[in-house]
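Below: one structure, written as structure tokens.
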Amino acid sequence: MPTSSRDPLAPLFLLAPSRSFTSLICGILGQHPRLYGLPELNLFMADTLNHFWRGSDADGGRKSIYWPMMRHGLLRAVAQVYAGEQTIDSVAMAYRWIRVRADRSTGEVYRELA
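Residue numbers for the sequence shown follow the numbering used here, so the first one is 11 and each next one is one higher.
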């Protein structure tokens, strides 16, 4: 396919087994000025953003005691994508961004970010 007909916004997915340095490779690729490597979002661990944020399943069960830390990737990604930085103010904006989208599916949120 000629380069000119490729979609310049098409995502690049890096699939690999766990503990195989994918975070390192993602970081390296993310250094390219036209690429952004999303941190671990964990979005597909829940059906809706509200369930994701609360760390609960659809039936109300808790996911993990570590769940609050697993939300950091989403906060960082939203802050970076929409504010261009990861500061206290941009993370506060990310919290508001998440609250506004609480009823959306995690798939919709992922598509909006990517």
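Note that CB positions come from ideal geometry on N, CA and C, so glycine has one too.
Bear in mind the structure is a predicted one, so any value in this text is a computation, not a measurement.
Cα-Cα separation, L123 to P43: Against the sequence shown, residue 123 aligns to sequence position 113. Against the sequence shown, residue 43 aligns to sequence position 33. Between L123 and P43, the C-alpha separation is close to 17 angstroms.
Inter-residue CB distance, G40 and Y46 (contact presumed, cutoff 8 angstroms): Taking the first residue of the sequence shown as 1, we reach residue 40 at position 30. Taking the first residue of the sequence shown as 1, we reach residue 46 at position 36. About 6 angstroms; that satisfies the 8 angstroms criterion.
Coil, strand or helix - T116 by DSSP: Along the sequence shown, read from residue 1 onward, the residue named residue 116 stands at position 106. Of the three classes helix, strand and coil, the one that applies to T116 here is helix, per DSSP.
Reference P27, options I35, W107, P21, closest by Cα: As a first step, residue 27 is located in the sequence shown; it is residue number 17 there, counting from the start. P27 has its Cα closest to that of I35, out of I35, W107, P21.
Under the three-state DSSP convention, the category M11 falls into: Within the sequence shown, numbered from 1, the residue matching residue 11 stands at position 1. Its pLDDT being 46, under 50, M11 is placed unreliably by the model, and nothing is read from it.
Three CB pairs or more closer than 8 angstroms across the stretch 112–121 and the stretch 57–64: Yes, they touch.
Counted within 10 angstroms of its Cβ, other Cβ atoms place L19 as buried (16 or more) or exposed: As a working mapping, residue 19 is identified with position 9 in the sequence shown. Answer is exposed; the Cβ neighbour count stays below 16.
Q41 CB to nearest heavy atom of the ligand SAM below 8 angstroms: This structure does not include the ligand SAM; it has no bound ligands of any sort.
Where the alpha helix (DSSP H) through A102 begins and ends: One-based indexing of the sequence shown puts residue 102 at position 92. Taken as a continuous stretch (DSSP letters only), the alpha helix (DSSP H) holding A102 covers 98–110.
Residue(s) in a DSSP beta bridge with R72: Taking the sequence shown and counting its residues from 1, the one referred to as residue 72 is at position 62. Looking at the DSSP assignment, R72 forms a beta bridge with S66.
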